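Heads up: the protein sequence lines correspond to chains A and B, in order. Quick note on numbering: the first sequence equals residues 1 to 449 in UniProt numbering. Quick note on numbering: the second sequence equals residues 1 to 449 in UniProt numbering. Where is the CB? At the ideal position from N, CA and C, for every residue including glycine. No experiment lies behind these values; they were computed from the predicted model shown. The structure under discussion appears below in the form of structure tokens.
There are 2 protein chains.
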Amino acid sequence: MKIIVIGGVAAGTSTAAKAQRELPKAEITIFEQDSDISYSGCGLPYYISDLIEKREDVIVYTPERFEARKGPRVEAQHTVKKIIPDKKQVIVKNVLQNTEKKITYDKLVIATGAKPIVPRLAGVDLDNIFTLRNVNSADRIKEFITANKPQKAVIIGGGYIGLEMAESLLEYELDITVVEMADQLLTNFDRDMAEIIEENLTSKGIKIITNDGASEFKGEQKVNTVVTQSGQEIETDFVLLAIGVEPNVKLAKDANIELGSTGAIKVNKQMETSISDIYAAGDCVENNHLITNNPVWIPLGSTANKQGRVAGNSLAEVEDSFDGILGTAITKICNLAVARTGLTAREAKKEGYQIVTSTIKAGNHAGYYPGYKKINIKLIVDEITGKILGAQIIGETGVDKRIDVLATAIYNEMKADELIDLDLAYAPPFSVPKDGIMIAGLIANKKRE
Amino acid sequence: MKIIVIGGVAAGTSTAAKAQRELPKAEITIFEQDSDISYSGCGLPYYISDLIEKREDVIVYTPERFEARKGPRVEAQHTVKKIIPDKKQVIVKNVLQNTEKKITYDKLVIATGAKPIVPRLAGVDLDNIFTLRNVNSADRIKEFITANKPQKAVIIGGGYIGLEMAESLLEYELDITVVEMADQLLTNFDRDMAEIIEENLTSKGIKIITNDGASEFKGEQKVNTVVTQSGQEIETDFVLLAIGVEPNVKLAKDANIELGSTGAIKVNKQMETSISDIYAAGDCVENNHLITNNPVWIPLGSTANKQGRVAGNSLAEVEDSFDGILGTAITKICNLAVARTGLTAREAKKEGYQIVTSTIKAGNHAGYYPGYKKINIKLIVDEITGKILGAQIIGETGVDKRIDVLATAIYNEMKADELIDLDLAYAPPFSVPKDGIMIAGLIANKKRE
Chain A
1 MKIIVIGGVA AGTSTAAKAQ RELPKAEITI FEQDSDISYS GCGLPYYISD LIEKREDVIV
61 YTPERFEARK GPRVEAQHTV KKIIPDKKQV IVKNVLQNTE KKITYDKLVI ATGAKPIVPR
121 LAGVDLDNIF TLRNVNSADR IKEFITANKP QKAVIIGGGY IGLEMAESLL EYELDITVVE
181 MADQLLTNFD RDMAEIIEEN LTSKGIKIIT NDGASEFKGE QKVNTVVTQS GQEIETDFVL
241 LAIGVEPNVK LAKDANIELG STGAIKVNKQ METSISDIYA AGDCVENNHL ITNNPVWIPL
301 GSTANKQGRV AGNSLAEVED SFDGILGTAI TKICNLAVAR TGLTAREAKK EGYQIVTSTI
361 KAGNHAGYYP GYKKINIKLI VDEITGKILG AQIIGETGVD KRIDVLATAI YNEMKADELI
421 DLDLAYAPPF SVPKDGIMIA GLIANKKRE
Chain B
1 MKIIVIGGVA AGTSTAAKAQ RELPKAEITI FEQDSDISYS GCGLPYYISD LIEKREDVIV
61 YTPERFEARK GPRVEAQHTV KKIIPDKKQV IVKNVLQNTE KKITYDKLVI ATGAKPIVPR
121 LAGVDLDNIF TLRNVNSADR IKEFITANKP QKAVIIGGGY IGLEMAESLL EYELDITVVE
181 MADQLLTNFD RDMAEIIEEN LTSKGIKIIT NDGASEFKGE QKVNTVVTQS GQEIETDFVL
241 LAIGVEPNVK LAKDANIELG STGAIKVNKQ METSISDIYA AGDCVENNHL ITNNPVWIPL
301 GSTANKQGRV AGNSLAEVED SFDGILGTAI TKICNLAVAR TGLTAREAKK EGYQIVTSTI
361 KAGNHAGYYP GYKKINIKLI VDEITGKILG AQIIGETGVD KRIDVLATAI YNEMKADELI
421 DLDLAYAPPF SVPKDGIMIA GLIANKKRE
């Protein structure tokens, strides 16, 4: 059996590795347009800040090591130009040699990921305007900073990547401005929670502009000014564009593979697309939201990895399924961990839920034990059923634990007042006898009465 | 309504505070034989090691502050000598004044806790043989160490308290020997996991003797030698007895309140004892195990707190219930967090389960991110149903998170192969895309086939 995988980052390599383990004799080839495969996109901001010093540390496998350890062939710097489902062929371009050939497959996997949205603004092609997409793009930013010792940076976009990069650039003692079109940072958080982040970034000296977007980049060859929609002119030595990402679906669309309402590729629980023997996984597909059962597009590395496993099993006809996601995510922004799971209050209302919420500050562990910190917990609860719909947690420590417990609780459709019944681990260095999530559950439940 | 609460630590104060909140007009009195109430027993080893410097820091409320903040009256240094259910009276001794009086109650709560078992061995009454029970007993140990600058310590018992105290005494650069009767430390862990702790303690210079108990203490007035059952003589400057604890049930037993098969007080889900209008909560009661539905006695501060809340609600006739426990526990032993939930392999077999287990080492977070550590995860799974029965985790960091997720999973009767379906939070500083608990779940499930 010949299997072709288009894309060699999280989903592509997971799929190929799993399929090869189940089908030792299959000929599996990964085509990746980039020179690197199997890197951690989520690690790139830390590579830029030099917290992770070595380039090779954000790369899990080089093509050679992946081939040796996992089996599939890896063709890096090969771009798939077209999928021809009728003939079960792909047209592949060898970027270095500038040659094209047609290759036949028995089964095909689309793992083309997502890419940064680049706004079509005047001056967007000037030098020193960067996006962060892969290791090479991180290299370009890092090399620019090292060579030019810039003083000022403007980040367009206040989402995860924009804010992680703001943290990263703080390490270089830059004068940083973040410009966000919405009326708050981190629009996938409720505004009251996002304000905690905004205050924290402001206290670190980062300038935040909300309700305003970039309208033009000025400069001669190199950017030197960002003009905003409200007419502000911000001098800068470079710009990072981080207004968002979009699924890479051109190949799929051109092959008449069905896209979903989110614009990403539609797949079933076995990661099959609308065309037989063509699978898709990772940031290019949409997912079922486990609470609403509606399709959502929330591209994340953990989802890509797990979907790769399911796609690999499906290729080998091993029973497996990817049932959906809860939109759980976490990031570190300076000293704060910022996490969410399920629906925000805004999302829940938009989905038609009648909700109650509780927002509390609670200790990470016993108050008398060194390292005590207060963390902010917001719980969103269905007023009718009492079920937990979502949570957002922000704090210096103990955030990841609590969001994971709540993600597990939501997965199991627990009610807010059931959290107190959980037998969580207590000892002074780790927690308090009645955890904040339990208190938040009781308070939210009380509001239902 | 007159409510009397016997015992003023975790369960007693929680009960009284909750009842007062629900019944603002009730006359609630706590009788506590000790001079302190509302202290953190779990914090005492850290107080002794001076990690927590101030005595008042391990005390949540003084009697005065509790009265002012929560409402109930607190009578410290008052020992309840007898309960007379027929007359709804208790006989209380004022320890300082050496007077006794009878007091009438409408409802009574027994929160008498647990106490260290002191073996009846020759020489056990010699000076410098200590137990750790309350703040005063911690003071005695701390004062002894400060005044006498001992060189050597012997700890009898290798359970939580014994090992937490071993860590604590390491701070004083003492020559420490731990003597444990069983063939392993921490008998509520499986032996393979306990060995990790044993190796770690040995590497810190602590001597571990297993399969041997104390048989005699020698010395003139002060202890200077521990003689073991195998005949070893260990020279020492002081001894800590930590062979275990037992429930304080004398009062209950004398009042003909039903005890359970574990020897602790039997209560229903509303924390009612067998005699009407008498409730019990905390370390003196036995609990329903949520997996086996058998009674167990696992005294822990978190359980006591939660039971206090339920008892308080029951006193006020507010609907609430305490359904049971999973035996979740965590402790810090030197640099290692050591945690468990559900059943160990040994316990599961004893309960008649046919089990499979998986034991793996997994990363706490992304390998390239600073602070990477491997943690040890053992999962115990029901071979027939695939349900997770228990887990044990040991490591330097990320242990509390994973044990709490697994405690939540077990509470919801999740199967091992469902863990991979959880949408846990991933980012390099916090986790890996496919968490170790997911891998452990898949491996254990595979063994069922």
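Q. Sorted by chain position, which residues of the same chain lie with C-beta nearer than 7 Å to GLU22 of chain A's C-beta, five sequence neighbours on each side aside?
A. Reading the first sequence from its first residue, position 22 is the one you call residue 22 of chain A. If you ignore the 5 residues before and after GLU22 of chain A, its C-beta comes within less than 7 Å of the C-beta of GLY312, ASN313, ALA316 and VAL318, all in its own chain and listed in chain order.
Q. List, in order along the chain, the chain B residues whose C-beta lies closer than 7 Å to that of ASN305 of chain A?
A. Working through the first sequence from its first residue, we reach residue 305 of chain A at position 305. Neighbours of ASN305 of chain A on chain B, chain order: PRO433 and LYS434.
Q: Taking PHE130 of chain B as part of the beta strand (DSSP E), name the residues at either end of that continuous run.
A: As a working note, residue 130 of chain B is residue 130 in the second sequence. Looking at the DSSP string, the run of the beta strand (DSSP E) that includes PHE130 of chain B is 129 to 131.
**Q.** ASP382 of chain A to GLN354 of chain A span [Cα, whole Å]
**A.** To locate residue 382 of chain A, count along the first sequence from 1; it is residue 382. To locate residue 354 of chain A, count along the first sequence from 1; it is residue 354. In this structure, the alpha-carbon of ASP382 of chain A lies about 6 Å from that of GLN354 of chain A.
Q) If you draw a straight line from the alpha carbon of ILE234 of chain A to that of GLY363 of chain B, how long is it in whole angstroms? A) Looking up residue 234 of chain A in the first sequence gives position 234. Looking up residue 363 of chain B in the second sequence gives position 363. Just so you know, the alpha carbons of ILE234 of chain A and GLY363 of chain B end up roughly 43 Å apart.
Q: Alpha carbon to alpha carbon, how far is ASN98 of chain A from TYR88 of chain A? Give it in angstroms, no decimals.
A: Counting from one through the first sequence, the residue named residue 88 of chain A turns up at place 88. Counting from one through the first sequence, the residue named residue 98 of chain A turns up at place 98. At residue 88 of chain A the sequence reads Lys, which differs from the Tyr that was named. Whole-angstrom Cα-Cα distance: 23 Å.
Q | Chain-ordered chain A contacts of ILE156 of chain B [CB-CB under 8 Å] | A | Here residue 156 of chain B refers to the residue found at position 156 of the second sequence. The contacting residues do not exist; ILE156 of chain B stays about 22 Å from chain A at best.
**Q.** Cβ of LEU51 of chain A within 8 Å of any chain B Cβ
**A.** Mapped onto the first sequence, residue 51 of chain A falls at position 51. Cβ-Cβ to chain B under 8 Å: yes for LEU51 of chain A.
Q | Contact belief for MET165 of chain A with ALA242 of chain A at Cβ below 8 Å, rounded distance in angstroms | A | For the purposes of this step, residue 165 of chain A is taken as residue 165 along the first sequence, with counting starting at 1. For the purposes of this step, residue 242 of chain A is taken as residue 242 along the first sequence, with counting starting at 1. Their Cβ separation, rounded to whole angstroms, is 6 Å, which keeps MET165 of chain A and ALA242 of chain A in contact under 8 Å.
Q: Kindly indicate which residue of A:LEU96, A:LYS93, A:ASN134 and A:ALA68 has the alpha-carbon position closest to the one of TYR39 of chain A.
A: One-based indexing of the first sequence puts residue 39 of chain A at position 39. A:ASN134 is the residue among A:LEU96, A:LYS93, A:ASN134 and A:ALA68 whose C-alpha sits nearest the C-alpha of TYR39 of chain A.
Q. Cα-Cα, which of A:ASP421, A:ASN305, A:ILE291 and A:LEU240 is closest to GLY113 of chain A?
A. In the first sequence, residue 113 of chain A corresponds to position 113, counting from 1. Per the Cα distances, A:ASN305.
Q.
I'd like to know whether the C-beta of ALA362 of chain A is nearer than 8 Å to at least one C-beta of chain B.
A. Here residue 362 of chain A corresponds to residue number 362 of the first sequence, with the count starting at 1. Against chain B, the CB of ALA362 of chain A has no partner CB under 8 Å away; the residue lies outside that interface.
(Q) For ALA339 of chain B and ILE330 of chain B, I'd like the C-alpha separation in whole angstroms. (A) Position 339 of the second sequence, counting from 1, holds the residue named residue 339 of chain B. Position 330 of the second sequence, counting from 1, holds the residue named residue 330 of chain B. Each residue's Cα considered, the two are about 4 Å apart.
Q | Top-ranked residue by Cα proximity to MET271 of chain A, from A:GLY12, A:GLY159 and A:GLY8 | A | For the purposes of this step, residue 271 of chain A is taken as residue 271 along the first sequence, with counting starting at 1. When the alpha-carbon of MET271 of chain A is set against those of A:GLY12, A:GLY159 and A:GLY8, the nearest one is in A:GLY12.
Q | Range covered by the alpha helix (DSSP H) that runs through GLU347 of chain A | A | The residue you call residue 347 of chain A lines up with position 347 of the first sequence. Here the alpha helix (DSSP H) through GLU347 of chain A covers 345 to 350.
Q) In whole angstroms, what separates the C-alpha of LYS269 of chain B from that of PHE322 of chain B? A) Locating residue 269 of chain B in the second sequence gives position 269, counting from the first residue. Locating residue 322 of chain B in the second sequence gives position 322, counting from the first residue. Going by the C-alpha atoms only, they are around 5 Å apart.
Q: Kindly list the residues whose CB is nearer than 6 Å to the CB of SER168 of chain B, restricted to its own chain and excluding five residues on each side of it in sequence; keep chain order.
A: Locating residue 168 of chain B in the second sequence gives position 168, counting from the first residue. These residues qualify, in order along the chain: PRO45, ILE48 and SER49.
**Q.** Closer than 8 Å to chain A by CB, THR146 of chain B
**A.** Translated into the one-based positions of the second sequence, residue 146 of chain B becomes position 146. Closer than 8 Å: no.
Q: Name, please, each residue of chain A whose Cβ falls closer than 7 Å to the Cβ of MET271 of chain B.
A: In the second sequence, residue 271 of chain B corresponds to position 271, counting from 1. Within chain A, not a single residue places a beta-carbon under 7 Å from that of MET271 of chain B; the smallest gap is close to 14 Å.
Q: Identify whether TYR369 of chain A lies in helix, strand or coil by the three-state DSSP scheme.
A: By one-based count along the first sequence, residue 369 of chain A stands at place 369. In the three-state scheme derived from DSSP, where H, G and I count as helix and E and B as strand, TYR369 of chain A is classed as coil.
Q) Does the Cβ of ASN224 of chain A have 16 or more other Cβ atoms within 10 Å, making it buried, or fewer, making it exposed? A) Counted from its first residue, the first sequence places residue 224 of chain A at position 224. By the 10 Å Cβ count, ASN224 of chain A comes out buried.
Q. Under 8 Å, do TYR411 of chain B and LEU336 of chain B count as touching if we go by C-beta distance?
A. Taking the first residue of the second sequence as position 1, residue 411 of chain B is located at position 411. Taking the first residue of the second sequence as position 1, residue 336 of chain B is located at position 336. Not in contact: TYR411 of chain B and LEU336 of chain B (Cβ atoms no closer than 8 Å).
Q: Return the chain-ordered ranges of every beta strand (DSSP E) run that is complete within the stretch 92 to 155 of chain B and spans a minimum of 3 residues.
A: Correct list: 99 to 104, 107 to 110, 114 to 116 and 129 to 131.
Q) If you compare alpha carbons, which of B:VAL227, B:ALA252 and B:ALA416 is closest to LEU121 of chain B? A) Stepping through the second sequence from its first residue, residue 121 of chain B is reached at position 121. Residue B:VAL227 is the option with its Cα nearest to LEU121 of chain B.
Q: In the DSSP assignment, find the unbroken alpha helix (DSSP H) run with PHE66 of chain A in it and report its ends.
A: Stepping through the first sequence from its first residue, residue 66 of chain A is reached at position 66. Per DSSP, PHE66 of chain A belongs to the alpha helix (DSSP H) from 63 to 70.
Q. Taking the alpha-carbon positions, what's the SER358 of chain B to LYS446 of chain B distance?
A. In the second sequence, the residue the question calls residue 358 of chain B occupies position 358. In the second sequence, the residue the question calls residue 446 of chain B occupies position 446. In a straight line, the C-alpha of SER358 of chain B is about 10 Å away from that of LYS446 of chain B.
Q. Going by DSSP, what residues sit across from GLU27 of chain A in a beta bridge?
A. Along the first sequence, read from residue 1 onward, the residue named residue 27 of chain A stands at position 27. Answer by DSSP bridge pairing, in chain order: A:LYS2.
Q: Return the CA-CA distance between GLU351 of chain B and ARG346 of chain A, expressed in angstroms with no decimal places.
A: As a first step, residue 351 of chain B must be located in the second sequence, where it is residue number 351. As a first step, residue 346 of chain A must be located in the first sequence, where it is residue number 346. As the crow flies, the alpha-carbon of GLU351 of chain B is around 48 Å from that of ARG346 of chain A.
Q | Within chain B, the residues that THR408 of chain A reaches when beta carbons sit closer than 7 Å | A | Residue 408 of chain A sits at position 408 when you count from the first residue of the first sequence. Listed by position along chain B, the residues whose Cβ is nearer than 7 Å to that of THR408 of chain A are VAL405, THR408, ALA409 and LEU422.
Q: Just list the alpha helix (DSSP H) runs in the stretch 149 to 218 of chain B, keeping only unbroken ones of 4 residues or longer that don't cross its boundaries, in chain order.
A: Assignment of alpha helix (DSSP H) within the stretch 149 to 218 of chain B, counting only whole runs of 4 or more residues, yields 160 to 170 and 191 to 203 in chain order.
(Q) So with CB distances below 8 Å, who are the chain B contacts of SER40 of chain A? (A) Counting from 1 along the first sequence, the entry for residue 40 of chain A is found at position 40. For SER40 of chain A, the chain B residues whose Cβ falls inside 8 Å of its Cβ are ALA366, TYR368 and PRO428, in order along the chain.
Q: Could you tell me which of A:ILE6, A:ALA16 and A:GLU27 sits nearest to ASP34 of chain A, measuring between CA atoms?
A: Along the first sequence, read from residue 1 onward, the residue named residue 34 of chain A stands at position 34. Out of A:ILE6, A:ALA16 and A:GLU27, A:ILE6 has the C-alpha closest to the C-alpha of ASP34 of chain A.
Q) Around the C-beta of GLY395 of chain A, are 16 or more other C-beta atoms found within 10 angstroms, so that it is buried, or is it exposed? A) For the purposes of this step, residue 395 of chain A is taken as residue 395 along the first sequence, with counting starting at 1. Its Cβ being crowded by 16 or more others within 10 Å, GLY395 of chain A is buried.
Q | Proximity winner among B:ILE52, B:ASP192 and B:GLU449, relative to ILE384 of chain B (alpha-carbon distances) | A | If you number the second sequence from 1, residue 384 of chain B lands on position 384. When C-alpha distances from ILE384 of chain B are compared across B:ILE52, B:ASP192 and B:GLU449, the shortest belongs to B:GLU449.
**Q.** Residues of its chain near PRO85 of chain A, where Cβ-Cβ distance is below 7 Å and the 5 sequence neighbours each way are ignored
**A.** Within the first sequence, the letter at position 85 stands for residue 85 of chain A. Short of 7 Å from the beta carbon of PRO85 of chain A, and not among the five residues preceding or following it, lie these beta carbons of its own chain, in chain order: ALA255, ILE275 and ILE278.
(Q) Can you pull the chain B neighbours of LEU326 of chain A, defined as C-beta to C-beta under 9 Å? (A) As a first step, residue 326 of chain A must be located in the first sequence, where it is residue number 326. Those within 9 Å of LEU326 of chain A in chain B are LEU422 and ASP423.
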